[in-house]
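Structure, as structure tokens:
Protein chains: 2
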Amino acid sequence: MAISSTERTDVNRSAILAHLGASGPASRAELARTLSVSPALMTQLTRELITDGLVVELESAPSSGGRPARMLGLVAGGGRAIGIKVVADHIAFVEVGIDGRVLRSQSEPFDAAAATALAELSDRIRSFIDGGADAPLLGVGVGVPGSVDLPGSGVVDAPQLDWVQVPIGESLRRSLGLPVIVENNVNALAAAERLFGLGRTTANFLIVTIGTGVGAAIVADGRIMRGASGGAGELGHFPVADEGPSCRCGNLGCLEAHISEDALVSAALERGVLPAGAGISELLAAADRGDSSAIGVFEDAGRLLGRTLAGVVQVVDPALVIVLGEGTAAWAHWSGGFEPAFRAHLMARRRSIPVEVERWQDDSWAQGAAALVLATPFESEGLTGDQGRLIRARLVEQAARQ
Amino acid sequence: MAISSTERTDVNRSAILAHLGASGPASRAELARTLSVSPALMTQLTRELITDGLVVELESAPSSGGRPARMLGLVAGGGRAIGIKVVADHIAFVEVGIDGRVLRSQSEPFDAAAATALAELSDRIRSFIDGGADAPLLGVGVGVPGSVDLPGSGVVDAPQLDWVQVPIGESLRRSLGLPVIVENNVNALAAAERLFGLGRTTANFLIVTIGTGVGAAIVADGRIMRGASGGAGELGHFPVADEGPSCRCGNLGCLEAHISEDALVSAALERGVLPAGAGISELLAAADRGDSSAIGVFEDAGRLLGRTLAGVVQVVDPALVIVLGEGTAAWAHWSGGFEPAFRAHLMARRRSIPVEVERWQDDSWAQGAAALVLATPFESEGLTGDQGRLIRARLVEQAARQ
DNA sequence: TCTGCTTAGTTCAGGACTAAATAAACAGTA
DNA sequence: TACTGTTTATTTAGTCCTGAACTAAGCAGA
Chain A
6 MAISSTERTD
16 VNRSAILAHL
26 GASGPASRAE
36 LARTLSVSPA
46 LMTQLTRELI
56 TDGLVVELES
66 APSSGGRPAR
76 MLGLVAGGGR
86 AIGIKVVADH
96 IAFVEVGIDG
106 RVLRSQSEPF
116 DAAAATALAE
126 LSDRIRSFID
136 GGADAPLLGV
146 GVGVPGSVDL
156 PGSGVVDAPQ
166 LDWVQVPIGE
176 SLRRSLGLPV
186 IVENNVNALA
196 AAERLFGLGR
206 TTANFLIVTI
216 GTGVGAAIVA
226 DGRIMRGASG
236 GAGELGHFPV
246 ADEGPSCRCG
256 NLGCLEAHIS
266 EDALVSAALE
276 RGVLPAGAGI
286 SELLAAADRG
296 DSSAIGVFED
306 AGRLLGRTLA
316 GVVQVVDPAL
326 VIVLGEGTAA
336 WAHWSGGFEP
346 AFRAHLMARR
356 RSIPVEVERW
366 QDDSWAQGAA
376 ALVLATPFES
386 EGLTGDQGRL
396 IRARLVEQAA
406 RQ
Chain B
6 MAISSTERTD
16 VNRSAILAHL
26 GASGPASRAE
36 LARTLSVSPA
46 LMTQLTRELI
56 TDGLVVELES
66 APSSGGRPAR
76 MLGLVAGGGR
86 AIGIKVVADH
96 IAFVEVGIDG
106 RVLRSQSEPF
116 DAAAATALAE
126 LSDRIRSFID
136 GGADAPLLGV
146 GVGVPGSVDL
156 PGSGVVDAPQ
166 LDWVQVPIGE
176 SLRRSLGLPV
186 IVENNVNALA
196 AAERLFGLGR
206 TTANFLIVTI
216 GTGVGAAIVA
226 DGRIMRGASG
236 GAGELGHFPV
246 ADEGPSCRCG
256 NLGCLEAHIS
266 EDALVSAALE
276 RGVLPAGAGI
286 SELLAAADRG
296 DSSAIGVFED
306 AGRLLGRTLA
316 GVVQVVDPAL
326 VIVLGEGTAA
336 WAHWSGGFEP
346 AFRAHLMARR
356 RSIPVEVERW
366 QDDSWAQGAA
376 ALVLATPFES
386 EGLTGDQGRL
396 IRARLVEQAA
406 RQ
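Protein sequence lines correspond, in order, to chains A and B.
Heads up: the first sequence begins at 6 in the numbering used here, then just goes up one per residue.
Heads up: the second sequence begins at 6 in the numbering used here, then just goes up one per residue.
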């Protein structure tokens with residue numbers, strides 16, 4: 006059956022579908038409030054979606070003093086999206102449903118610096134897609150450790166991958182024939198958090214990641230802050246001292262050079278806490294069994310992160326801080342240093358800002374990348390451009406082909 | 006004559022007027038591009054404005070290969086706005102034209118902590134207004150050293166003024182019977198810079214102020230970033246060390262406690278550079294006549310500011326940094342410390358970001374506050390609410406009463 | 001049971017806006 | 001001089017969306 010809407014940018018229709026997919030059934034009034042459109046328009050749009058067979062009316066919800074709401078739900082099995090995490094030595098894939106849940110995941114070694122990296126990447130994605138369900142595929146999200154000009158364009162600068170102005174978006178788009186959204190990996194996490202996590206109810210929050218590197222993403226007024234060149238959130242290279250260990254970025258005194266996993270291991274080796282050749286997992290194990298020197302290494306890192314993050318919170322004024330990343334496995338040990346330093350350096354008015362540490366999983370990065378695709382229906386304009394339009398079209402058409 | 010438009014929110018009409026007032030005559034096509042609406046709509050809107058007698062067609066501009074543009078200009082003498090700077094011990098007023106130029110200014114002692122401060126403030130404003138021109142008054146902008154819930158509401162938290170949740174906006178609105186916009190003073194500068202200054206051509210920039218305090222404002226995607234509680238930009242309380250001099254905010258190691266004017270004077274006294282009782286002007290004078298110890302005090306401050314600001318630039322990713330404030334008088338001396346520290350701590354990709362130091366005048370703060378009023382026609386929604394609507398209505402009606 | 005209150009949803013009229021086609025008015029060029 | 005290309009401005013037809021008025025459907029209390 007043909008969809009009644011023409012080729013126009015139908016942000017609202019797909020936002021309704023995405024919201025129903027992500028948050029479950031909702032009433033018209035609720036949808037109108039959430040997407041901030043008038044109830045009148047919502048009536049009209051849902052009518053179209055119902056006659057198009059994409060949405061059904063469910064049971065009435067119990068009344069709360071007024072006319073009971075008639076709930077609306079998705080008809081289709083929902084779309085799916087692919088999320089990809091790219092780092093220097095491996096790639097990870099996930100396939101997620103429209104509600105953000107992971108259906109399938111996979112991880113492989115990969116040489117990002119190879120000359121054939123782009124072609125290789127495309128092949129790997131293709132074969133991952135082929136192994137998946139046959140539900141309609143909305144698009145592919147890619148998270149990279151670097152800055153991206155625009156998510157819908159996808160030109161990447163990523164020193165860690167040896168990438169300078171690599172047009173990965175354009176390249177994948179052509180070879181895959183699918184909508185592709187590329188974004189900095191921490192920003193991708195922020196998109197996921199905004200859609201499915203704690204950010205759903207908070208329009209101003211800060212994401213901080215710890216692990217092999219240190220990163221941040223800023224969400225202000227519900228929008229991910231990208232900065233002039235898509236490079237906002239580079240917390241890892243915040244200088245915390247005039248001198249200090251040299252960072253892989255070439256500068257001295259970067260936060261990351263003090264508290265990345267490699268830095269912690271170096272510190273532990275220097276202090277004789279670990280035997281030569283040991284790594285971060287040994288350090289964590291030592292701390293876990295109560296080795297106070299090992300715990301001290303984490304606490305020192307926590308103190309430095311706490312102080313620096315306090316400054317960033319003063320400047321950015323979020324309502325919530327979310328800590329993520331592989332390093333959160335050791336958060337219990339960071340915490341003893343982080344909490345006092347963080348709180349002590351905040352202004353009185355901000356001192357009680359909540360810091361949430363969410364459970365971290367191996368595929369969280371890739372899951373974030375997939376959220377880039379699932380978030381596009383909600384953005385009224387701009388960043389994703391053509392790719393956003395394509396994803397919306399796919400979402401609206403998904404059930405029509407049955 | 007009655008204005009054809011009803012009570013609806015006519016953002017575009019007033020944005021056209023404001024743009025013509027601020028930037029001078031422009032063609033329809035130019036206006037359409039600047040305000041990002043279709044040429045068709047611009048034809049329609051300008052026709053209304055012309056028949057309403059608010060805008061006139063001027064000479065044709067010389068062609069650049071196509072049909073020559075017919076320029077449009079304002080008919081009315083333009084509106085005016087009042088800007089007010091409030092600090093602990095004095096207030097400053099300016100009256101500005103619609104192009105942002107200062108017509109008149111005044112400064113008086115004032116006790117912000119007094120119980121009657123609000124009533125007093127209102128009286129002073131009233132008498133300043135009465136002394137002014139009789140051009141239509143669009144509204145009153147107030148800049149405060151603290152955080153404001155919403156510019157159109159105006160509830161202020163300002164430790165420096167001993168103000169806790171003071172509803173200055175509501176209060177002034179009632180007593181003056183005029184639209185009142187209240188905002189943090191550095192954010193007000195940012196609004197002015199965005200309208201009339203270097204920010205006109207840059208959507209992502211950072212304002213930094215040095216002087217009695219240290220502040221910042223962040224403009225991202227053309228919008229002033231306010232944070233969750235309107236307190237974004239508190240650069241002064243960025244912790245730069247675990248310990249350190251205690252700050253008036255109560256914490257230790259704040260940037261402001263190291264590089265505010267008071268801190269510089271203290272440092273100079275400690276080092277024996279200045280005799281007891283001397284102040285910042287003596288320190289500047291000493292540096293100006295080449296006293297290397299005095300210069301060293303400024304350079305140390307510059308180094309610390311440079312390093313911290315480099316971090317903020319990494320996190321926020323602006324395209325431009327603008328330095329303002331009373332302290333810029335001594336910038337030549339800061340610079341020797343600032344430049345190397347700032348550049349050395351930036352990632353290679355950002356190292357060439359321009360830092361502009363603009364000429365500072367006594368009434369710049371108040372001028373910024375006035376810009377809050379002049380900027381309202383351009384914001385399509387939200388922050389200023391009713392006050393914005395009132396200001397727009399006044400702008401559109403300004404000439405109709407002739 | 002009736003009245004008032006609250007919330008949900010619909011209808012209708014009309015305003016804001018755009019895309020596309022067209023006209024107008026130039027510059028450059030062979 | 002006619003032709004091409006460019007930029008500006010206008011007209012037209014129609015889309016998107018909202019406000020206001022209204023209906024629908026419950027609850028709570030007199």
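In this text, a Cβ means the ideal position worked out from N, Cα and C, and glycines have one as well.
Please read these numbers as outputs of a predicted model, since none were measured by experiment.
Residue contact check for F243 (chain A) against chain B: a CB pair falls below 8 angstroms. In the structure shown, F133 (chain B) falls within a helical segment according to DSSP collapsed to helix, strand and coil. Membership of L395 (chain A) in the alpha helix (DSSP H) is indicated by the continuous run G390 to E402. S251 (chain B) sits exposed, since fewer than 16 C-beta atoms from the chains shown fall within 10 Å of its C-beta. If you draw a 10 Å sphere on the C-beta of Q366 (chain B), you find fewer than 16 other C-beta atoms in it, and that means exposed. R312 (chain B) has its alpha-carbon roughly 28 angstroms from the corresponding atom of S357 (chain A). A direct Cα-Cα distance of roughly 47 angstroms separates V278 (chain A) from I103 (chain A).
Cβ proximity to chain A below 7 angstroms picks out R312, A315, G316, V317, Q319, V320 and V321 from the stretch 292 to 321 of chain B. Every alpha helix (DSSP H) of 4 residues or more that sits fully in the stretch 248 to 334 of chain B is shown, in chain order, as 260 to 264, 266 to 275, 285 to 293 and 297 to 321. Collapsing the DSSP output to three states places T214 (chain B) in a strand. Secondary-structure assignment with DSSP links F98 (chain A) through a beta bridge to A:I89 and A:Q111.
Apart from sequence neighbours up to five positions away, the residues of its chain that approach H242 (chain B) with a beta-carbon distance below 8 angstroms are C252, C254, N256, C259, L260 and E261, ordered along the chain.
For the stretch 24 to 39 of chain A, no residue has a beta-carbon sitting nearer than 7 angstroms to a beta-carbon of chain B. For N209 (chain B), the C-beta contacts it makes with chain A under 7 angstroms involve G232 and A233, in order along the chain.
Residue pairing by DSSP puts V153 (chain A) in a beta bridge opposite A:V161. Inter-segment contact for the stretch 221 to 228 of chain A and the stretch 272 to 290 of chain A is absent: fewer than three beta-carbon pairs are separated by less than 8 angstroms.
With fewer than 16 other Cβ atoms inside 10 Å of its own Cβ, D128 (chain A) counts as exposed. Bridge partners of L79 (chain A) according to DSSP: A:V60. Across the structure, I87 (chain A) and R131 (chain A) are spaced so that their CA atoms are roughly 10 angstroms apart. A163 (chain A) and G151 (chain A) do touch by the CB rule: their CB atoms are close to 3 angstroms apart, below 8 angstroms. Nearest to G390 (chain A) by alpha-carbon distance, out of A:D154, A:A221 and A:L203, is A:D154.
Not one beta carbon of chain B lies nearer than 8 angstroms to the beta carbon of E248 (chain A). Going by DSSP, A119 (chain A) is part of no alpha helix (DSSP H) at all; its letter is neither H nor E. Between A34 (chain A) and S43 (chain A) the beta-carbon gap is near 11 angstroms, outside 8 angstroms, which marks them as no contact.
In the DSSP assignment, W168 (chain B) is bridged to B:A163.
Under the 8 angstroms criterion on CB atoms, R199 (chain B) is classed as non-interfacial with respect to chain A. For R231 (chain A), the three-state secondary structure derived from DSSP is coil. In this structure, I327 (chain B) places its C-beta atom within 8 angstroms of the C-beta atom of I212 (chain B).
Separation of the CB atoms of R75 (chain A) and S32 (chain A) is rounded to 6 angstroms, and the pair is thereby assigned contact status at 8 angstroms.
With its beta carbon at least 8 angstroms from every one in chain A, R348 (chain B) lies outside the interface. Judged by DSSP in its simplified three-state form, A208 (chain B) adopts coil rather than helix or strand. The Cβ atoms of A27 (chain A) and L166 (chain A) do not sit closer than 8 angstroms to each other. Not a single CB atom of chain A sits nearer than 8 angstroms to the CB of P359 (chain B). Contact of G236 (chain B) with chain A is assigned, a C-beta pair being separated by under 8 angstroms. For the stretch 323 to 347 of chain B, residues whose beta-carbon sits nearer than 9 angstroms to a beta-carbon of chain A comprise P323, A324, L325 and A346. Nearest neighbour of V60 (chain A) by Cα position, chosen from A:T48, A:G159 and A:A119, turns out to be A:T48.
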